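Okay, so here's the structure we're looking at.
Residue numbers (the working numbering): 4 to 300.
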């Protein structure tokens, strides 16, 4: 069963300014109560989708996601969010955002695509209706924007947003919430970030929290999935994919993670992986990128 953080349901309820008269309609068709939403950490995705559908109908506002998504940021990831904010710079913050996003919404996967920019993109398991899908994608991109701006301490204007749906009827409101240009009808929803911006230092950096948090969140991810996940392998792939060729050595990647190369190698071996294999995989992805998306021979 797919789960989602109650954080998002609380944001929706607050945006609707629900009182005792309106809570029953908001909860209609779910197994939730006002108390469960206020007190528990996670709820089944099917219940959240019904809550969101009810909220869209109650508000009569197709752009409701822009309203409550305005307040969502990396802290929605719980422990994963605190680890991300403890990262040394924006790039590592966003890597942690991608790696630990499933702690708050395990039906959506974030990853990093090889290219001339850092492209963070999301994909969800199928089955969402058009309105629910658009709303959740709007909130995802606002979460990314809010996280980037929390680290930068200013509006993020250098990027480009991609939305995997047609232009909505409330598109004129995008200019008041999104601070970089955007396009519709993309293959996947995400954001392009200039590579040099990834080096921006985070004012929230905490070395001890960053190092301990990675292990803690790795354990949470294993517990969430019920099996051993290749978390460090996924993290290394994200770092390598955020670089341009020539790619860095294991020594550099380990230092990037504030680990020794021996420790990183041991953790990769424990996940059944080898650094050289991950390195070669990303080199192949770059080759595909150059052949399909550039004029190079």
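Even for Gly, the Cβ is constructed at its ideal location relative to N, Cα and C.
Quantities reported herein were computed from a predicted structural model and do not represent experimental measurements.
Which stretch, first to last residue, makes up the alpha helix (DSSP H) that contains residue i?
{"i": "residue 37", "result": "37-42"}
{"i": "residue 272", "result": "264-273"}
{"i": "residue 254", "result": "253-259"}
{"i": "residue 30", "result": "26-30"}
Does the beta-carbon distance from residue i to residue j come in below 8 Å?
{"i": "residue 86", "j": "residue 213", "result": "yes"}
{"i": "residue 146", "j": "residue 77", "result": "yes"}
{"i": "residue 167", "j": "residue 189", "result": "yes"}
{"i": "residue 193", "j": "residue 122", "result": "yes"}
{"i": "residue 134", "j": "residue 59", "result": "yes"}
{"i": "residue 181", "j": "residue 150", "result": "no"}
{"i": "residue 191", "j": "residue 124", "result": "yes"}
{"i": "residue 88", "j": "residue 106", "result": "no"}
{"i": "residue 175", "j": "residue 187", "result": "no"}
{"i": "residue 270", "j": "residue 293", "result": "no"}
{"i": "residue 183", "j": "residue 160", "result": "yes"}
{"i": "residue 142", "j": "residue 68", "result": "yes"}
{"i": "residue 289", "j": "residue 256", "result": "no"}
{"i": "residue 61", "j": "residue 28", "result": "yes"}
{"i": "residue 90", "j": "residue 205", "result": "yes"}
{"i": "residue 55", "j": "residue 138", "result": "yes"}
{"i": "residue 243", "j": "residue 272", "result": "no"}
Would you report the Cα separation of residue i and residue j, rounded to the nearest angstrom?
{"i": "residue 297", "j": "residue 111", "result": "30 Å"}
{"i": "residue 16", "j": "residue 261", "result": "40 Å"}
{"i": "residue 2", "j": "residue 250", "result": "There is simply no residue 2 to check, as the chain begins at 4 and stops at 300 in what is shown."}
{"i": "residue 173", "j": "residue 209", "result": "40 Å"}
{"i": "residue 280", "j": "residue 239", "result": "11 Å"}
{"i": "residue 295", "j": "residue 241", "result": "21 Å"}
{"i": "residue 197", "j": "residue 162", "result": "7 Å"}
{"i": "residue 265", "j": "residue 277", "result": "12 Å"}
{"i": "residue 216", "j": "residue 223", "result": "10 Å"}
{"i": "residue 144", "j": "residue 283", "result": "30 Å"}
{"i": "residue 72", "j": "residue 140", "result": "10 Å"}
{"i": "residue 32", "j": "residue 127", "result": "23 Å"}
{"i": "residue 291", "j": "residue 37", "result": "50 Å"}
{"i": "residue 95", "j": "residue 199", "result": "13 Å"}
{"i": "residue 116", "j": "residue 254", "result": "23 Å"}
{"i": "residue 131", "j": "residue 114", "result": "20 Å"}
{"i": "residue 154", "j": "residue 108", "result": "22 Å"}
{"i": "residue 275", "j": "residue 104", "result": "23 Å"}
{"i": "residue 3", "j": "residue 102", "result": "No answer is possible for residue 3: it lies beyond the span of the chain, which begins at 4 and ends at 300."}
{"i": "residue 164", "j": "residue 177", "result": "11 Å"}
{"i": "residue 237", "j": "residue 259", "result": "15 Å"}
{"i": "residue 148", "j": "residue 98", "result": "14 Å"}
{"i": "residue 231", "j": "residue 25", "result": "Confidence at residue 231 is low in this model, with a pLDDT of 47, below 50, so the placement of that residue should be treated as unreliable; the coordinate-derived value is given next. Looking at the two C-alpha atoms, the distance is approximately 43 Å."}
{"i": "residue 48", "j": "residue 300", "result": "46 Å"}
{"i": "residue 207", "j": "residue 156", "result": "11 Å"}
{"i": "residue 195", "j": "residue 119", "result": "9 Å"}
{"i": "residue 287", "j": "residue 246", "result": "13 Å"}
{"i": "residue 65", "j": "residue 75", "result": "18 Å"}
{"i": "residue 136", "j": "residue 39", "result": "24 Å"}
{"i": "residue 158", "j": "residue 211", "result": "29 Å"}
{"i": "residue 152", "j": "residue 51", "result": "27 Å"}
Could you check if residue i belongs to the surroundings of the ligand FAD, using beta carbon to heavy atom distance under 7 Å?
{"i": "residue 162", "result": "Among the components modelled here there is no ligand, and therefore nothing to report on the ligand FAD."}
Just to check my reading of the structure: residue i and residue j have Cβ atoms closer than 8 Å, yes? What is that Cβ distance to the nearest angstrom?
{"i": "residue 44", "j": "residue 9", "result": "6 Å"}
{"i": "residue 12", "j": "residue 92", "result": "About 32 Å; that fails the 8 Å criterion."}
{"i": "residue 70", "j": "residue 18", "result": "5 Å"}
{"i": "residue 82", "j": "residue 219", "result": "6 Å"}
Which first and last residues belong to the beta strand (DSSP E) in which residue i is found?
{"i": "residue 299", "result": "Counting along the chain, residue 299 falls outside any beta strand (DSSP E), and DSSP gives it neither H nor E."}
{"i": "residue 106", "result": "From DSSP, residue 106 is part of no beta strand (DSSP E); its letter is neither H nor E."}
{"i": "residue 7", "result": "6-8"}
{"i": "residue 21", "result": "Where residue 21 is concerned, there is no enclosing beta strand (DSSP E), given that its DSSP letter is neither H nor E."}
{"i": "residue 276", "result": "Run containing residue 276: none; DSSP gives neither H nor E here."}
{"i": "residue 112", "result": "111-116"}
Q: Would you mind listing the beta strand (DSSP E) stretches within the region 123-177 that are 3+ residues and don't spill past its ends, in chain order?
A: 163-165
Q: Note down, one range per segment and in chain order, each beta strand (DSSP E) of at least 3 residues found wholly within the region 192-247.
A: 192-196
Q | Entirely enclosed alpha helix (DSSP H) segments - the region 33-92, minimum 4 residues | A | 37-42, 48-62, 67-72, 82-88
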